[in-house]
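Undergrad: In my numbering, the protein residues as written are 5 to 165.
Yeah, the Cβ is synthetic: ideal placement off N, Cα and C, and Gly gets one too.
Note that this is a predicted model, so its numbers are computed, not measured.
#1: Which residue from 67, 45, 30 puts its Cα closest to that of residue 75?
#2: Alpha carbon to alpha carbon, what distance is there between residue 97 and residue 122?
#3: In chain order, what residues of the same chain have a beta carbon less than 8 Å from the beta carbon of residue 58, not counting five sequence neighbours either side?
#4: To the nearest whole angstrom, what separates the beta carbons of residue 34 and residue 45, a pair I think is in contact under 8 Å?
#5: Alpha carbons only, please: which of 124, 92, 87 is nearest the one belonging to residue 105?
#6: My output table needs one value for residue 2: the three-state DSSP class, helix, strand or coil.
#7: Would you kindly work out how many angstroms separate the C-alpha atoms of residue 24 and residue 52, rounded to a whole number?
#8: Taking C-alpha atoms, which residue in 32, 95, 41 lies nearest to residue 18?
#9: Tell me, please, which residues DSSP counts as bridged to residue 66.
Shown next as structure tokens:
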């Protein structure tokens with residue numbers, strides 16, 4: 005019988021039983037040798053079982069000395085949550101004329117509405133180029149400039165930095 009675990013991988017019946025025993029012991033945990041005796045398996049299989057649960061991130065295996073012998077204390081791993089904070093500055097994006105243009109959905113290279121020949125976009129790029137030349141063209145962390153290719157009707161945008 006296989007069951008889903010916290011880490012997304014499947015647990016065997018023996019792993020599920022072991023996890024339940026470890027869980028029932030709470031924060032005190034259980035010594036590894038006690039676990040394999042309770043489950044009726046030998047020490048070798050008990051050690052492999054503990055390592056599998058450890059690799060799946062379900063338990064913590066802490067080395068200890070118990071009654072003069074080295075062993076491990078097994079405890080349920082506390083679920084970890086990682087909060088990732090991402091700050092996005094949309095001030096620069098909001099100034100791009102394409103997002104407020106009524107022809108955005110019909111605009112594509114080579115079409116009737118072509119970003120290469122768009123007066124609104126060219127004006128916006130010229131203003132960025134002018135601001136950059138004056139030394140205050142950095143909006144957020146992006147600088148932009150307009151360069152003309154070999155054919156005068158084509159305009160390319162490239163990032164500077």
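TA: Let me spell this out:
#1: As a first step, residue 75 is located in the chain shown; it is residue number 71 there, counting from the start. Checking every option, the nearest Cα to that of residue 75 belongs to 67.
#2: Working through the chain shown from its first residue, we reach residue 122 at position 118. Working through the chain shown from its first residue, we reach residue 97 at position 93. Between residue 122 and residue 97, the C-alpha separation is close to 17 Å.
#3: Residue numbering aside, residue 58 sits at position 54 when the chain shown is read from its first letter. Excluding its 5 nearest sequence neighbours in each direction, residue 58 has C-beta neighbours in its own chain below 8 Å: 64, 65, listed in chain order.
#4: Walking along the chain shown from the start, residue 34 turns up at place 30. Walking along the chain shown from the start, residue 45 turns up at place 41. Beta-carbon to beta-carbon, residue 34 and residue 45 are separated by about 14 Å, too far to satisfy the 8 Å threshold.
#5: As a working mapping, residue 105 is identified with position 101 in the chain shown. Ranked by how close their Cα comes to the Cα of residue 105, the residues 124, 92, 87 have 124 in first place.
#6: Outside the shown range of the chain (5 to 165) lies residue 2, about which nothing can therefore be said.
#7: Reading the chain shown from its first residue, position 20 is the one you call residue 24. Reading the chain shown from its first residue, position 48 is the one you call residue 52. Straight through space, the alpha carbons of residue 52 and residue 24 are spaced by roughly 17 Å.
#8: In the chain shown, residue 18 corresponds to position 14, counting from 1. When each option's Cα is compared against that of residue 18, the closest is 41.
#9: In the chain shown, the residue the question calls residue 66 occupies position 62. According to DSSP, residue 66 bridges with 77.
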